[in-house]
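Colleague:
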Amino acid sequence: MFEFLGGKELLVKTLTSCHNYSIKTPENMDEAQKISLEDFPKLILSRVRAWNDTLDNLLTMLGSMPGMYDDVLSVAEDIRTKNAELFEDTKSILSK
Numbered sequence: 000m001f002e003f004l005g006g007k008e009l010l011v012k013t014l015t016s017c018h019n020y021s022i023k024t025p026e027n028m029d030e031a032q033k034i035s036l037e038d039f040p041k042l043i044l045s046r047v048r049a050w051n052d053t054l055d056n057l058l059t060m061l062g063s064m065p066g067m068y069d070d071v072l073s074v075a076e077d078i079r080t081k082n083a084e085l086f087e088d089t090k091s092i093l094s095k
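For the sequence shown, position 51 (counting from the first letter as 1) is numbered 50 according to numbering that gives the first Met the number 0, and the numbering increases by one without interruption.
So, in C-alpha cells, the structure goes:
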C-alpha cells in the first residue's frame with residue numbers, strides 16, 4: 000500500500016514526524032469514553048489548532064501548482080473554513 004515510501008522504516012519515520020503525532024489522543028473506544036466532559040473540548044481544540052497552519056500551507060502550495068483544478072482548491076478552502084468554525088465553536092464552549 001505504501002510502497003512509494005520505500006520500506007517500513009521510512010513509513011514509521013514519516014508517520015511519527017507528523018505535526019500531530021505528539022498530541023495525546025485516546026488509543027481505543029474505552030479510552031475515549033473515559034475522557035471527561037470538561038477535557039473533551041480541550042482535546043478537540045488541541046487537535047483543531049494543530050491543523051490551522053497545515054491547512055494554510057496546503058492552500059498556498061495548491062494555489063501555486065500549475066494546472067491545479069479549482070474544485071480541489073475549493074474543497075481545501077471548505078475544509079479550512081470548517082476547521083476554523085470548529086475551532087471558534089470549541090473556544091466558545093470552553094469560555095462558558
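Glycine included, every Cβ here is placed at the ideal spot set by N, Cα and C.
So E76 is in the alpha helix (DSSP H); what residue range does that whole segment cover?
Modeller: Per DSSP, E76 belongs to the alpha helix (DSSP H) from 69–93.
Colleague: Below 8 Å on the Cβ atoms is my contact criterion, and I expect A75 with L58 to pass it. Report the Cβ-Cβ distance as a whole number of Å.
Modeller: Between L58 and A75 the Cβ distance is about 5 Å, and since that is below 8 Å, they are a contact.
Colleague: Are the beta-carbon atoms of L44 and R79 separated by less than 8 Å?
Modeller: No, Cβ-Cβ distance for L44 and R79 is not below 8 Å.
Colleague: Per DSSP, what kind of secondary structure is K33 in: helix, strand or coil?
Modeller: Coil.
Colleague: So what does DSSP say about N27, is it helix, strand or coil?
Modeller: In the structure shown, N27 sits in coil (DSSP, three-state: anything other than H, G, I, E or B).
Colleague: Run the CB neighbour count on T24, radius 10 Å, all protein chains shown included, and call it buried at 16 or more, exposed below.
Modeller: T24 comes out exposed.
Colleague: DSSP three-state label for M64, please.
Modeller: Coil, per DSSP.
Colleague: Whose C-beta lies closer than 8 Å to the C-beta of F86 among residues of the same chain, with five residues either side of it excluded?
Modeller: Hits under 8 Å: L44, V47, R48, N51.
Colleague: For D38, which three-state DSSP category applies?
Modeller: Coil, per DSSP.
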